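Okay, so here's the structure we're looking at.
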Amino acid sequence: MSQRVKWLNRQRAEDSPARCLRISVEPGGCSGFQYNFSILNLNELEEDDRVFESHGAKVVVDECSLTLLRGATVDFEDDMMRTAFVIAKNPVADSACGCGSSFQAKL
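Counting with the UniProt record's numbering, you get residues 1 to 107 for the letters of the sequence shown.
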C-alpha cells in the first residue's frame with residue numbers, strides 16, 4: 001500500500017471505522033483480467049475474504065484474487081484524467097493495458 005492509500009483509508013476510518021477498501025480481480029478487460037475496487041463495511045465480508053491492515057488502513061481481498069495480487073502495490077491517483085485507486089505494481093502481471101485497469105497474468 002502506498003502512503004497515499006494508507007492516508008486515505010485512515011481518513012475514511014475516522015469517519016466510519018467499519019469501512020474498508022475491497023480489491024478483487026475478475027476475468028475481463030482487454031488484457032485478460034481486470035481490477036475492481038469498492039468500499040464496503042467490515043460486516044459485509046465473505047467467508048474467503050482476507051483482511052490486511054497497515055497503519056490503520058484496511059484492505060480486503062478474496063482468496064482467488066489474492067493469488068493474482070500477491071506482492072502488488074495499491075496507490076491512489078488524483079489528476080486531470082481520473083481520481084481512482086490503482087494497482088501501481090503487480091509482480092504477477094506479465095503485461096498491462098494502457099488504461100491500467102486490466103492485465104495479463106504470468107501463469
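Ideal Cβ positions, reconstructed from N, Cα and C, are used throughout, including at glycine. Predicted model, so just to flag it, every value in this text is computed and none were measured.
Per DSSP, what kind of secondary structure is E47 in: helix, strand or coil?
-> Correct three-state label for E47: coil.
Check: Can you give the Cα-Cα distance for L66 and G32, rounded to whole angstroms?
Finding: For L66 and G32, the distance between alpha carbons rounds to 16 angstroms.
Would DSSP call S2 helix, strand or coil? Of the three classes helix, strand and coil, the one that applies to S2 here is coil, per DSSP.
Check: Under a three-way DSSP split, which group does S65 fall into?
Finding: Correct three-state label for S65: helix.
What are the boundary residues of the beta strand (DSSP E) that includes A96? From DSSP, the beta strand (DSSP E) with A96 extends over 93 to 96.
Checklist entry - CB E26 to CB N41, shorter than 9 angstroms? => result Not closer than 9 angstroms, so no.
For this session: Measuring alpha carbon to alpha carbon, tell me which of G98, T73, A93, H55 ends up nearest F85.
Result: Of the listed residues, the one whose Cα sits closest to F85 is T73.
Below 9 angstroms between beta carbons: does that hold for W95 and V61? The question names Trp, yet the displayed sequence has Ser at residue 95. Against a cut-off of 9 angstroms, the Cβ pair of V61 and S95 comes out as no contact.
- Item | Buried versus exposed call for A93 [16 or more other C-beta atoms within 10 Å across all chains shown] | For A93, the number of other beta carbons within 10 angstroms of its own is at least 16, and it is reported as buried.
Checklist entry - Rounded to whole angstroms, how far is the Cβ of L21 from the Cβ of V59, which I believe are closer than 8 angstroms? => result Contact between L21 and V59 holds: their C-beta atoms lie close to 5 angstroms from each other, under 8 angstroms.
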